[in-house]
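At position 16 of the sequence shown (counting the first as 1) the number is 724 in the numbering used here, and the numbers step up by one without a gap.
Using N, Cα and C, we set each Cβ at its ideal position, and we do this for glycine too.
I have placed the structure first, in the form of structure tokens, so that the comments after it can refer back to it.
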Amino acid sequence: MPASRTAPTRPGPGAAATATATAVMFAATGTLHFLRPGIFDPIVPLRLPGSSRSWTYGSGAAELVLAALVASHRFRNLGGLLAAVFLVAVFPANLRTVSIVRRQPLPVRVFVVARLPLQVPLIALALQVGRSGGASR
Numbered sequence: 709m710p711a712s713r714t715a716p717t718r719p720g721p722g723a724a725a726t727a728t729a730t731a732v733m734f735a736a737t738g739t740l741h742f743l744r745p746g747i748f749d750p751i752v753p754l755r756l757p758g759s760s761r762s763w764t765y766g767s768g769a770a771e772l773v774l775a776a777l778v779a780s781h782r783f784r785n786l787g788g789l790l791a792a793v794f795l796v797a798v799f800p801a802n803l804r805t806v807s808i809v810r811r812q813p814l815p816v817r818v819f820v821v822a823r824l825p826l827q828v829p830l831i832a833l834a835l836q837v838g839r840s841g842g843a844s845r
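Next comes the structure, spelled out in structure tokens:
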């Protein structure tokens, strides 16, 4: 009996919108790293070598590249996977933010702490975008 071949599946109708939203998110945060680097410099983990500003610009550039990859149907698989890896890699900076805002007003502290568990669905979203990629089109 010959093996059954299945046709490549096309992404669902919401896949393009999800990819676009993800690309916009990375483009916005990447751009913000260059426009307002002072926001990001303090959250760079101290154990990293080099200046905080270099890491701020580097991560901003990485986010812009991720936005382009995710926006590109051709490179979406790679972009989604790299976006998930990136979100895991920057999690220590998000943790550091909690210690930095200790003396800020309560709403700021609540926002920063509430943002931590949101990394999990963002990582899942990036992986979903990667799976919806464009290699089969």
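Exercise. Which term fits R761, buried or exposed, when burial requires 16 or more other beta carbons within 10 angstroms of its beta carbon?
Worked result: As a position in the sequence shown, residue 761 is number 53, starting the count at 1. Exposed, by the Cβ-count rule.
Exercise. Alpha carbon to alpha carbon, how far is P808 from H741?
Worked result: Translated into the one-based positions of the sequence shown, residue 808 becomes position 100. Translated into the one-based positions of the sequence shown, residue 741 becomes position 33. Note that residue 808 is Ile in the sequence shown here, rather than Pro. In a straight line, the C-alpha of I808 is about 18 Å away from that of H741.
Problem set entry | Residue range of the alpha helix (DSSP H) that includes G838 | Position 130 of the sequence shown holds residue 838. Its alpha helix (DSSP H) spans residues L814 to R839.
Exercise. Are there 16 or more other CB atoms within 10 angstroms of the CB of I747, so buried, or fewer, so exposed?
Worked result: As a working mapping, residue 747 is identified with position 39 in the sequence shown. So I747 counts as exposed.
For this session: Select from F734, P757, T728 and A723 the residue whose C-alpha is nearest the C-alpha of A792.
Result: Within the sequence shown, the letter at position 84 stands for residue 792. Cα-wise, what sits closest to A792 is F734.
Exercise. Taking Cβ to Cβ, would you say V837 is nearer than 7 Å to T726?
Worked result: Mapped onto the sequence shown, residue 837 falls at position 129. Mapped onto the sequence shown, residue 726 falls at position 18. Their beta carbons are under 7 Å apart, which means V837 touches T726 by this criterion.
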